[in-house]
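Numbering (this note's numbering), first residue to last: 18 to 102. The structure under discussion appears below in the form of structure tokens.
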């Protein structure tokens, strides 16, 4: 289905369906691995940003609570790294 492909910002060109990307993001959130989340295409170095996750929520493919947890964990990770300096 044409409308399911998500491409945002600094797009790498890999077509990933929105529901698939939403499941990928949700799994990363559950595993607490939300820093430097790569595109799910093997070998791709493009990273997902909060704007990408926001787009999934806006499309209805990802629950807002998962997005909130994504942001909260990333903020906590950045805060901990900043404290190390």
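Don't be surprised by glycine CBs; every beta carbon is placed ideally from N, CA and C. All of these numbers come straight from a predicted model, not from anything done at the bench.
Close CB contacts of residue 65 within its chain, under the 6 Å cut and outside five residues either way in sequence, are with 54 (chain order).
Residue 59 sits away from residue 37, with the two beta carbons spaced by 9 Å or more. Apart from sequence neighbours up to five positions away, no residue of its chain approaches residue 44 with a beta-carbon distance below 6 Å. Going by beta carbons, residue 42 and residue 79 fall inside the 9 Å limit. Considering only 88, 39 and 86, the residue with the shortest C-alpha distance to residue 74 is 39.
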